[in-house]
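One point on numbering: in numbering that gives the first Met the number 0, the residue at position 212 of the sequence shown is 211, and numbering is uninterrupted.
Just so it is clear, CB atoms sit at the ideal spot from N, CA and C, and this is done for glycine as well.
Only one structure is covered here, and it is reproduced in the block below.
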Amino acid sequence: MSSKVQTGDVSPAVLGRTLTHEHLAMNFEHFYREPPSTLAGKFQVPSLELHRLGYVRQYPYSLRYNLQLDDDAAQSAVTDDVIEYKIAGGGTIVENTTEGLNRDIKFYQHVSRASNVHIVAGTGHYIADLQNGDTLQKSTEDVYNHMLQELTKGCVNYEQVKAGFMGEIASVWPLRGTLVEDDILLEFSQLGTYCQFDLFGTEVSYYQLEVTTDMLSDAQRIQKMAALVKEGRGNRILMSHDIHTKHRLVSKGSII
């Protein structure tokens with residue numbers, strides 16, 4: 000991460016409590032999954048009404064409306080949530096949306112000004128399936144120069160703001176069980192890396208995007224964090240929610 004927050008020159012020393020993996024505006028419809036046939040009727044209406052919220056929490060990627068974190072309803076709810084985050088003592092949000100997910104840096108700036116929360120924008124490209132033909136034809140040097148420009152001069156679609164880090168840069172392989180075991184996690188932490196625990200507040204073990212992997216509960220995440228603290232690596236822990244769907248926003252049905 001650069002030495003300045005790029006929504007305005009801010010010293011890292013005054014960033015305060017920081018969420019390191021969040022999304023304020025993005026579109027995740029590429030990852031839509033069909034619901035179980037017996038529940039298909041629960042996902043036909045594009046809204047998050049209370050009587051259907053339980054189904055959406057279990058199958059969040061089966062409601063296209065839920066994956067549109069870039070419409071007017073989402074932007075209003077996101078702004079309200081970030082204001083609440085500030086009231087609760089939050090200082091900074093690291094926004095991880097990259098190209099391919101409908102990044103909206105102008106909106107991040109709006110949220111920052113409305114909430115007085117520092118927003119750090121990222122640069123880079125999400126997975127290949129979400130890139131257009133022109134992007135896929137770029138050379139390694141082209142991609143490097145693109146990110147360098149965004150980090151040093153300003154983002155290509157909103158030059159008033161510079162990116163503050165590279166990410167989210169996604170990898171789809173290998174993922175299954177990579178750091179599930181504590182001994183592997185501790186070995187990884189010995190490299191001097193930061194260990195980020197995100198998706199706090201999800202509390203659903205079934206993960207539609209990788210059905211062979213059980214999603215950790217918050218209690219299990221905290222247990223792994225405790226193991227790192229015990230080994231003297233508490234200063235290498237990062238925490239966040241990775242909110243990227245409407246149903247996890249407070250006004251749409253979440254409590255976190």
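In the three-state DSSP reduction, D80 falls in the helix class (H, G or I). With at least 16 other beta carbons inside 10 angstroms of its own, K251 counts as buried. DSSP places A120 in the strand class (E or B) of the three-state scheme. Shown here, M165 sits in a strand according to DSSP, grouped into three states. Secondary structure of M146 (DSSP, three-state): helix. Shortest Cα-Cα distance from T91 to any of K161, D70, G53, V9 involves V9. Taking all protein chains shown into account, N95 has 16 or more neighbouring C-beta atoms within 10 Å of its C-beta and is therefore buried. Within the DSSP secondary-structure output, N26 pairs in a beta bridge with Q67. Remark: C-beta atoms of M214 and L198 approach each other more closely than 8 Å.
Around the beta-carbon of G121, 16 or more other beta-carbon atoms lie within 10 Å, marking it buried. The alpha-carbon separation between R63 and K229 amounts to approximately 42 Å.
DSSP, reduced to helix, strand and coil, places T151 within a helical segment of the structure shown.
Under the rule that a run must span 4 or more residues, the alpha helix (DSSP H) segments found entirely inside the stretch 159-237 read 181-188, 217-229.
Under the DSSP assignment, I92 falls outside any alpha helix (DSSP H), being part of the beta strand (DSSP E) whose first and last residues are 89-94. With fewer than 16 other CB atoms across the displayed protein chains lying within 10 angstroms of its CB, R112 is exposed. Note that the C-beta distance between N65 and L52 is not below 8 Å. Cβ neighbours of H29 within its own chain (closer than 6 Å, five residues either side excluded): L129.
The beta carbon of I168 is closer than 6 Å to those of G123 in its chain, skipping five residues each way along the sequence. The criterion of a C-beta distance shorter than 8 Å is not satisfied by A24 and V93. The stretch 98-118 and the stretch 78-86 touch, with three or more beta-carbon pairs separated by less than 8 Å. Annotation: Q67 to N26 spans about 5 Å, alpha carbon to alpha carbon. In the three-state reduction of the DSSP assignment, L248 falls in the coil class. Taking C-beta separations shorter than 6 Å and ignoring five residues to either side along the sequence, the partners of G153 in its chain run K161, following chain order.
In the DSSP assignment, Y157 forms a beta bridge with C154. Residue environment: Y143 is assigned as exposed (fewer than 16 neighbouring CB atoms within 10 Å of its CB, all protein chains considered). If you draw a 10 Å sphere on the C-beta of H50, you find fewer than 16 other C-beta atoms in it, and that means exposed.
Counting other Cβ atoms within 10 Å of its Cβ, G99 reaches 16 or more and is therefore classed as buried. With a cutoff of 8 Å on beta-carbon distance, V110 and V155 are scored as not near each other.
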